[in-house]
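Residue numbers (the working numbering), protein chains in the order written: chain A, 9 to 344; chain B, 907 to 1167.
Ideal placement from N, C-alpha and C gives every residue a C-beta, glycine not left out.
A quick note: this is a predicted structure, and the numbers were derived from the prediction, not measured.
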Amino acid sequence: MRKFVIIWFLIPLFSLTACINEEEFPDTAQGNFEALWKIIDEHYCFFDYKQHEYGLDWNAIYNIYKVRAREETNKYQLFEVLTDMLSELRDGHVNLYSAFDNGRYWSWHEDYPSNFSDTLQRRYLDTDYRIASGMRYQILDDNIGYTYYGSFSNPISDSGLNEILSYFAFCNGLIIDIRGNGGGDLINAEKLAARFCNEKTLVGYLQHKTGKGHNDFSEMEAQYVEPSSNFRWQKNVVVLSNRGVFSAANDFVKYMKCFPRVKIVGDQTGGGSGLPYTNTLPNGWTVRFSACPSYDKDRQQVEFGILPDYVVSQTDDDFRQGKDTLIEFARKLLAE
Amino acid sequence: MKNKFLLLLLSLVPLCVVAQEPTSTNIIGVGTSRILDTYINQEKYSGIGLTYLYIKDRAREEKRWNSVIEHELDVSSIKDRSKDNQLMEGNYYLYWGRYRHWQLFGDRLLVQAGGLANLNLGFLYDTTASNNPAQARLSLNLMPAAIATYRFPLFGKQFALRYELNVPLVGVMFSPNYGQSYYEIFNRGNYDHNIVPTTFVSAPTFRQMLSLDWRTSEKWSLRIGYLGNYQQAEVNNLKQHVYAHRVMIGIVRHFPNSVRP
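Spelled out as structure tokens, the structure:
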């Protein structure tokens, strides 16, 4: 009985002195630099992959940028230094947000042709196109269905998708144009992809970090798309992509590549396969970064994009003639 | 020596014997909240919080053991040190305790000792984050607990000084893994050490309340006091704490001769 009383009352009393706390950096140029470097060091998920790809060394980057974050640095200079440091990660999901600017790395699409023109697109959509679930859709002259989905942030409803696919029911094929789609909600990507598969399909793998080390990861968990119980499309589909296809849109292409009746046409996607998290610095600036990596069905990285089945670029000749080279190619492919 | 001093101190106060009786208490409080959750952020947040606390004490003189049920609801709006980023916090705690009681010093001092089960449900929401902005709280703890109530008259009125302490022992809690997203847990059903056993070492959570009751009538007392609720845990390489300090005020209803409240 006495032992029980000791265990029950006295031992837990020692915990009254216990304090769970976290190191806090000062709100100075050096303190904010240290805080940012540490957040990325402990949470970013592509160090190993990017070291293999282009020699990223986060410890070496600390030494390079530490000398630039001097105490006499003003907030604009500090923002530039920190943004430059983050740009070494070459990741569109990595941003630094302040009240006066958004630090970004956009080379993944700015360094490439857009292969998309809304002026040309207007010639195909005309003015009498329909809009549902954030998609603009129209039946083209050759009886091909065309739908444009500009952001996976636009909510998709089951009834909306039923209406769109019913409208295209007698078409010979379907073009899903997601050029310039910078992502949004992964659930929308899954919901749309579920309309194009007839059986549970392995589309990739997911992982997350389990600790602060650069290689502390969980096991890869299989990612499946299950067929929708609603209207499902049974004819051929072409997905149009360009370098502006990023994040959840990149995942959508990853899913669609696994289905037999789907072809990807256009340029390589922009990538962005890490699920982003946010954190804040002592001065209140917010940093966004990739935290959970995803892979394709062959366990390969898609962080730097997915190659299309057919690489097609917009030509100047077609542009002058008011033709969208990618849409024209897709129409021919679907007509075959 | 200490006991003698305590006896001397207590004997200075005029004798006031009040039979142990069931009570129900409704009190509200306001104070500061300080929160850290490294799953959401490295920075500490602080701000103003509100608390509602309901205590039902089924103490009866004729029974050695009694039960005490407490419902505590905390809400806070807190900011980081830059004041640019805001979190919203909400927690509900259910405490169900069983106590053995002793009446000491001529029944002036009532000591209750035992244990309680504590269920916590809560959330933390980062209003500035667009991805993975929330953290859920769910835990069940077994906590040794004690309550001491000292009743005394002053200026012809009856008062009671009450102190309650709950300390941690063992429990289980929900936690995402270090970098695991809620999308993985709830949309994909990928679990990874999400139900974690805890002890007083990994979750040194404790709670204390000091209050003074002024018996204004046979049935009612006015209560003022301090409530400190210190939730802490370090699991899955994640650290979290919620330090809530509240000044409380409310009323106590007594059920003398009683009918069960």
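Taking residue i as part of the alpha helix (DSSP H), name the residues at either end of that continuous run.
{"i": "residue 994(B)", "result": "From DSSP, residue 994(B) is part of no alpha helix (DSSP H) but of the beta strand (DSSP E) over 992–1010."}
{"i": "residue 89(A)", "result": "83–95"}
{"i": "residue 262(A)", "result": "256–264"}
{"i": "residue 333(A)", "result": "333–343"}
{"i": "residue 117(A)", "result": "115–118"}
{"i": "residue 72(A)", "result": "66–74"}
{"i": "residue 57(A)", "result": "55–62"}
{"i": "residue 324(A)", "result": "324–328"}
Which residues in chain A sit within 8 Å of residue i, going by Cβ to Cβ distance?
{"i": "residue 1139(B)", "result": "28"}
{"i": "residue 1094(B)", "result": "214, 229, 231"}
{"i": "residue 1085(B)", "result": "51, 53, 216, 217, 218, 285, 299, 300"}
Any idea what DSSP makes of residue i, helix, strand or coil?
{"i": "residue 908(B)", "result": "Residue placement at residue 908(B) cannot be trusted, given a pLDDT of 45 that sits under 50; the coordinates are not used to answer."}
{"i": "residue 1160(B)", "result": "strand"}
{"i": "residue 966(B)", "result": "coil"}
{"i": "residue 1152(B)", "result": "strand"}
{"i": "residue 38(A)", "result": "helix"}
{"i": "residue 276(A)", "result": "coil"}
{"i": "residue 920(B)", "result": "With a pLDDT of only 38 at residue 920(B), under the threshold of 50, the placement of this residue in the model should not be trusted; the figure read from the coordinates follows. Of the three classes helix, strand and coil, the one that applies to residue 920(B) here is coil, per DSSP."}
{"i": "residue 242(A)", "result": "coil"}
{"i": "residue 125(A)", "result": "coil"}
{"i": "residue 1094(B)", "result": "coil"}
{"i": "residue 914(B)", "result": "Since pLDDT at residue 914(B) reaches only 40, below the 50 mark, its modelled position is unreliable, and the value read off the structure follows with that caveat. Note: residue 914(B) maps to helix in three-state DSSP."}
{"i": "residue 1120(B)", "result": "strand"}
{"i": "residue 171(A)", "result": "helix"}
{"i": "residue 1022(B)", "result": "strand"}
{"i": "residue 230(A)", "result": "strand"}
{"i": "residue 1167(B)", "result": "The pLDDT assigned to residue 1167(B) is 43, lower than 50, so where the model puts this residue is not dependable; a value taken from the coordinates is nonetheless given after this. In the structure shown, residue 1167(B) sits in coil (DSSP, three-state: anything other than H, G, I, E or B)."}
{"i": "residue 222(A)", "result": "coil"}
{"i": "residue 46(A)", "result": "helix"}
{"i": "residue 308(A)", "result": "coil"}
{"i": "residue 1029(B)", "result": "strand"}
{"i": "residue 943(B)", "result": "strand"}
What do you reckon, are the CB atoms on residue i and residue j nearer than 7 Å?
{"i": "residue 1054(B)", "j": "residue 1072(B)", "result": "no"}
{"i": "residue 1157(B)", "j": "residue 972(B)", "result": "no"}
{"i": "residue 117(A)", "j": "residue 251(A)", "result": "yes"}
{"i": "residue 337(A)", "j": "residue 245(A)", "result": "no"}
{"i": "residue 996(B)", "j": "residue 981(B)", "result": "yes"}
{"i": "residue 939(B)", "j": "residue 984(B)", "result": "yes"}
{"i": "residue 260(A)", "j": "residue 197(A)", "result": "yes"}
{"i": "residue 239(A)", "j": "residue 180(A)", "result": "no"}
{"i": "residue 101(A)", "j": "residue 219(A)", "result": "no"}
{"i": "residue 113(A)", "j": "residue 95(A)", "result": "yes"}
{"i": "residue 212(A)", "j": "residue 242(A)", "result": "no"}
{"i": "residue 1104(B)", "j": "residue 1079(B)", "result": "yes"}
{"i": "residue 157(A)", "j": "residue 195(A)", "result": "no"}
{"i": "residue 235(A)", "j": "residue 205(A)", "result": "yes"}
On a Cα-Cα basis, can you pick out the residue from the options that is closest to residue i?
{"i": "residue 280(A)", "options": "297(A), 265(A), 293(A)", "result": "297(A)"}
{"i": "residue 227(A)", "options": "1134(B), 1099(B), 979(B)", "result": "1099(B)"}
{"i": "residue 325(A)", "options": "334(A), 100(A), 68(A)", "result": "334(A)"}
{"i": "residue 299(A)", "options": "217(A), 32(A), 81(A)", "result": "217(A)"}
{"i": "residue 1121(B)", "options": "1102(B), 958(B), 1065(B)", "result": "1065(B)"}
{"i": "residue 954(B)", "options": "935(B), 967(B), 1021(B), 970(B)", "result": "935(B)"}
{"i": "residue 1041(B)", "options": "1067(B), 1159(B), 1033(B)", "result": "1033(B)"}
{"i": "residue 42(A)", "options": "70(A), 267(A), 99(A)", "result": "70(A)"}
{"i": "residue 1002(B)", "options": "976(B), 991(B), 957(B), 983(B)", "result": "976(B)"}
{"i": "residue 1081(B)", "options": "1126(B), 1026(B), 1132(B)", "result": "1026(B)"}
{"i": "residue 284(A)", "options": "1031(B), 1087(B), 1010(B)", "result": "1087(B)"}
{"i": "residue 943(B)", "options": "161(A), 142(A), 287(A), 253(A)", "result": "287(A)"}
{"i": "residue 319(A)", "options": "276(A), 55(A), 26(A)", "result": "276(A)"}
{"i": "residue 1101(B)", "options": "1075(B), 1128(B), 1083(B), 1132(B)", "result": "1083(B)"}
Anything in chain A within Cβ reach of residue i, meaning under 9 Å, just list it in chain order.
{"i": "residue 942(B)", "result": "28, 29, 30"}
{"i": "residue 1026(B)", "result": "The contacting residues do not exist; residue 1026(B) stays about 16 Å from chain A at best."}
State yes or no: is the beta carbon of residue i nearer than 7 Å to at least one beta carbon in chain E?
{"i": "residue 300(A)", "result": "The structure shown contains no chain E; its protein chains are A and B."}
How far does the beta strand (DSSP E) with residue i in it extend, from its first residue to its last?
{"i": "residue 194(A)", "result": "Run containing residue 194(A): none in the beta strand (DSSP E); it sits in the alpha helix (DSSP H), 194–201."}
{"i": "residue 1065(B)", "result": "1063–1072"}
{"i": "residue 978(B)", "result": "971–985"}
{"i": "residue 1135(B)", "result": "1126–1141"}
{"i": "residue 187(A)", "result": "No beta strand (DSSP E) holds residue 187(A); DSSP gives it neither H nor E."}
{"i": "residue 112(A)", "result": "Taken as a continuous stretch (DSSP letters only), residue 112(A) belongs to no beta strand (DSSP E), as it is neither H nor E."}
{"i": "residue 100(A)", "result": "No beta strand (DSSP E) contains residue 100(A), which DSSP labels as neither H nor E."}
{"i": "residue 210(A)", "result": "209–214"}
{"i": "residue 146(A)", "result": "143–147"}
{"i": "residue 157(A)", "result": "152–157"}
Show which residues of chain B have a CB atom less than 7 Å away from the CB atom of residue i.
{"i": "residue 277(A)", "result": "Correct list: empty, because the minimum Cβ distance to chain B is about 19 Å."}
Chain B partners of residue i, CB-CB under 9 Å?
{"i": "residue 34(A)", "result": "Per Cβ cutoff of 9 Å: no residues; residue 34(A) is ~10 Å from chain B at best."}
Mind pulling the chain A residues with CB within less than 7 Å of residue i?
{"i": "residue 1035(B)", "result": "286"}
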